[in-house]
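Protein sequence lines, in the order shown, are assigned to chains A and B.
First residue of the first sequence: 1, per this note's numbering; consecutive thereafter.
First residue of the second sequence: 1001, per this note's numbering; consecutive thereafter.
Even glycine gets a Cβ: it sits at the ideal position worked out from N, Cα and C.
None of these values were measured; they are calculated from a predicted model.
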Amino acid sequence: MCREKPFHLPFFAPSSQILRLPSSSMAAAARRLSAASLPLRHHHLLLRPFASSASGQPPIAVETSVPFTGHKIEPPSRLVDTTPSELLSFFRDMTLMRRMEIAADSLYKSKLIRGFCHLYDGQEAVAIGLEAAITKKDAIITAYRDHCIFLARGGSLVESYAELMGRRSGCSKGKGGSMHFYKKDSGFFGGHGIVGAQVPLGCGLAFAQKYTKEGTVSFALYGDGAANQGQLFEALNISALWDLPVILVCENNHYGMGTAEWRAAKSPAYYKRGDYVPGLKVDGMDVLAVKQACKFAKEYALQNGPIILEMDTYRYHGHSMSDPGSTYRTRDEITGVRQERDPIERIRKLILSNEVATASELKDIEKEVRKEVDDAIAQAKEIPMPDPSELFTNVYVKGFGAEVFGADRKEVKAVLP
Amino acid sequence: FFFLGPSIDRKMWGIARRKNLGQALQKVLPAGSMTVREALNSALDEEMSADHSFLDGLESTRISKGLLEKYGPDRVLDTPITEAGFAGIGVGAAYYGLRPVVKFMIFNFSMQAIDHIINSAAKSNCMSVGQISVPIVFRGPNGANAGVDVQHSQCYAAWYAHPDPVVFLENELLYGESFPISAEVFDSSFCLPIGKAKIEREGKYVTITSFSKMVGHALQVDTFKGISAEVDDIVRAVKRACYRSILMAATT
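Shown next as structure tokens:
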């Protein structure tokens, strides 16, 4: 079904909105530093940006694409501090996520990945910007579009692909699949298949963090489709009553499955839907804006309770692999966003204009990332499927001797301990 | 933590409290017995003091009498009448490692929160292969009540008959009933096993199994047309696990 109303790209972001530090020696220093730090040979999956004072790199101040819009709150400044190595790590990590999702697409089409597969390409800036603003002690919970959040929280490519292909060394031993990636030790609580359920769960995580007085916060991510769910408002009400340190992040990619936001919500201003809860509208395709907003939100939530962040973002793929993504939006719209708002291209332009790296160095990074993803897929393909006895492990914490059966009640049978 | 559904007006609650005190003074309980309400209250009290992260909820009834004063408003919390919301928050807190007790005013209302009980709580241990267990208890009155309508009298035992998470189905009509208990029950570490039926009364030819309020009715069957009847209380059993007990009882 085609949409009748024209789609407005709300944040048209000309790439010239970049500040450069005046002194030419700074630019030279940046060049020297970038030469020293490239080519990148890092050992862990995602680079953590260094603090500028620690590495001695001069900070770069960048203006976000558009100013933040606040609802019942004074928005933060649109000037964001970053460093050359942070920009490079953003570039590399987003390229990795992009590559990972595109490779998952081909794996799905060759039937190595089955079931559900919801891809995140286009939205990488939200995952990376969020991660840059918080620690591993803060909690994140999201719905089923979770591959990149898992990666950002420290998950590995091999674990991810093994899980997607249902192999035994996957992060959920092959039993969770695309929608159920977890990494509790890094504060990633999944991976939920039921739209909207993750929001009260995220508020519960924040409750526990407040109870244990840890000074950490929880981010509950949801989409514009889930934003209309009643349980979200129930949980928001309770969180506001109890001042829970929870940040609700609406990843507004403008389509809830195949339904455009203006068809699903009377008020698509999701950052305002909290009413008495303040909100911030953020350009979700600008990783520095996301980082700034999340830092701001974390400080706010620790003092005052819940806040809503609306990330204006876009997904290039359809809702899932069974959705071509073109029956409810035009290809022109998709290519338009790709040309004008792509998060990786934005960072590439920033890096080039600040002379943090050259174009060929960035191409090298892309090649390296591609190879890394291909290697991980090859490795994951070698991993065997889980043993059939895994059907009956971890079903309950304590089974109390309950008996479980397969469909015929004869062949497949076990007693849960 | 949790509360169960709505709390009645404070003033009314105050009056109800005073009335109960009066009643308590007048009523002299036989030694070695307690009402179901007192049993629930003392169990919650014991668990909250044993495990610091254990939370309970203030209800508008006497089951959580004294707990708010003893443990404070951080651990005994009142919620709005939003089951999906507060059940979800409870499960989220359990994900993090706290041990909440969520109370539904009546188990019918659990259907508003059933997505969280099943999809968020029951399935999490399996989906996360053990990373996220959910140490939560859902409790509340269930089943037959006096004069309330169909929408408030449904029994959810068949819906929730699985070991994880714990769904503790009580019966409102039994709260005020008092039952004899042995001295060991007063020990704070006293615990009953889950998964085994309790034989309330031995018998020879017929086995009657039941749970909750109906056990009392079954026990009233003195002899069934002259045939001695055994009564099994399966209230503590997971349905599947107790099949063995029932089968054993029926075949011996």
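Less than 8 Å between the C-beta atoms of A293(A) and L302(A), yes or no? Going by beta carbons, A293(A) and L302(A) fall outside the 8 Å limit.
Give a yes or no on whether 8 Å exceeds the smallest Cβ distance from A402(A) to chain B. Cβ-Cβ to chain B under 8 Å: yes for A402(A).
Measuring CA to CA, which of E403(A), P306(A), M100(A), N253(A) is closest to P417(A)? The closest CA to that of P417(A), considering only E403(A), P306(A), M100(A), N253(A), is found on E403(A).
How should K266(A) be labelled, buried or exposed, when 16 other C-beta atoms within 10 angstroms of its C-beta is the threshold for buried? By the 10 Å Cβ count, K266(A) comes out exposed.
Across which residues does DSSP place C250(A) in a beta bridge pair? According to DSSP, residue pairing for C250(A) in a beta bridge involves Y222(A), E310(A).
What are the residues that DSSP puts in a beta bridge with K183(A)? Looking at the DSSP output, K183(A) bridges to F188(A).
Close Cβ partners of G424(A) (< 6 Å) along its chain, the five nearest in sequence each way excluded: With chain A running from 1 to 417 in the structure shown, residue 424(A) is simply not present.
Any chance the stretch 1080–1100 of chain B sits against the stretch 144–159 of chain A, with 3 or more Cβ pairs inside 8 Å? Flag = no, the stretch 1080–1100 of chain B and the stretch 144–159 of chain A do not touch.
Cα-Cα separation between I351(A) and T313(A), rounded to whole angstroms: When rounded, the separation of the alpha-carbon atoms in I351(A) and T313(A) is 21 Å.
State the start and end residues of the unbroken beta strand (DSSP E) segment that holds A139(A). Run containing A139(A): 139–142, per the beta strand (DSSP E) assignment.
Which whole-angstrom value describes the C-beta separation of A143(A) and Q229(A), a residue pair presumed to lie in contact below a C-beta threshold of 8 Å? Contact flag wrong, Cβ pair sits at about 11 Å.
Can you grab the Cα-Cα spacing for the pair V373(A) / A104(A), in whole Å? Rounded to whole angstroms, the gap between the alpha carbons of V373(A) and A104(A) is 10 Å.
Short CB-CB distance (under 8 Å) between G1090(B) and chain A: Chain A, which has a Cβ nearer than 8 Å to the Cβ of G1090(B), makes this yes.
May I ask you to list the residues that DSSP assigns as paired with L280(A)? For L280(A), which the question treats as bridged, DSSP gives the partners G70(A), L309(A).
Exposure label - V397(A); buried when at least 16 CB within 10 Å: With fewer than 16 other Cβ atoms from the protein chains shown falling within 10 Å of its own Cβ, V397(A) counts as exposed.
Using CA coordinates, which residue listed in L201(A), R331(A), Y276(A) is at the minimum distance from A1084(B)? Ranked by how close their Cα comes to the Cα of A1084(B), the residues L201(A), R331(A), Y276(A) have L201(A) in first place.
For V217(A), name the three-state secondary structure that DSSP assigns. In the structure shown, V217(A) sits in coil (DSSP, three-state: anything other than H, G, I, E or B).
Between L1173(B) and chain A, is any beta-carbon pair separated by less than 8 Å? Not an interface residue.
If you follow the beta strand (DSSP E) that I1199(B) is part of, which residue opens it and which one closes it? Under the DSSP assignment, I1199(B) falls in the beta strand (DSSP E) whose first and last residues are 1198–1201.
F420(A) versus L96(A) - alpha carbon distance: A query on residue 420(A) cannot be resolved here, the shown segment of chain A reaching from 1 to 417 and no further.
Apart from the five residues on each side of it in sequence, which residues of its chain come closer than 7 Å, Cβ to Cβ, to F405(A)? Hits under 7 Å: V412, K413.
Pairwise C-alpha distance: R346(A) and I128(A): The alpha-carbon atoms of I128(A) and R346(A) are separated by roughly 14 Å.
Beta-carbon contacts of G215(A) that lie in its chain and below 7 Å, excluding the five residues immediately before and after: Answer for G215(A): L302, listed in chain order.
Short CB-CB distance (under 8 Å) between I238(A) and chain B: At least one chain B Cβ lies under 8 Å of I238(A).
Just to confirm, are P278(A) and G70(A) a CB contact at a threshold of 8 Å? A Cβ-Cβ contact shorter than 8 Å links P278(A) with G70(A).
Rounded to the nearest angstrom, how far is the Cβ of I1136(B) from that of I238(A), given a contact under 8 Å? Taking a contact as a CB-CB distance under 8 Å, the pair I1136(B) and I238(A) does not count as one, their CB atoms being some 16 Å apart.
Here's the rule I'm using: 16 or more other beta-carbon atoms within 10 Å means buried, otherwise exposed. How should R331(A) be labelled? That one is exposed.
Count the CB pairs spanning the stretch 251–265 of chain A and the stretch 303–322 of chain A that are closer than 8 Å, and state whether there are at least three. Between the stretch 251–265 of chain A and the stretch 303–322 of chain A there are three or more C-beta pairs closer than 8 Å, enough to call the two in contact.
Cβ-based neighbour list, H118(A), same chain, cut-off 6 Å, excluding 5 preceding and 5 following: Beyond the five residues adjoining it in sequence on each side, H118(A) comes within less than 6 Å, by CB distance, of Y144, R145, S320 in the same chain, given in chain order.
Got a sec: is the Cβ-Cβ distance from D1045(B) to anything in chain A below 8 Å? Not one chain A Cβ lies under 8 Å of D1045(B).
Output yes or no for whether 8 Å exceeds the beta carbon distance between F1138(B) and I1117(B). Yes, Cβ-Cβ distance for F1138(B) and I1117(B) is below 8 Å.
By the criterion of Cβ-Cβ separation under 8 Å, what are the contact partners of M1127(B) in chain A? The contacting residues are S172, K175, G176, H180, Y182, G190, G191.
For chain A, check one thing: does any of its Cβ atoms lie closer than 8 Å to the Cβ of Y1160(B)? Chain A contact via Cβ: absent.
Assign A61(A) to one of three DSSP states: helix, strand, or coil. Here A61(A) sits in strand by DSSP.
Residue of G1032(B), V1167(B), S1189(B) minimising C-alpha distance to W1159(B): The shortest Cα separation from W1159(B) among G1032(B), V1167(B), S1189(B) belongs to V1167(B).
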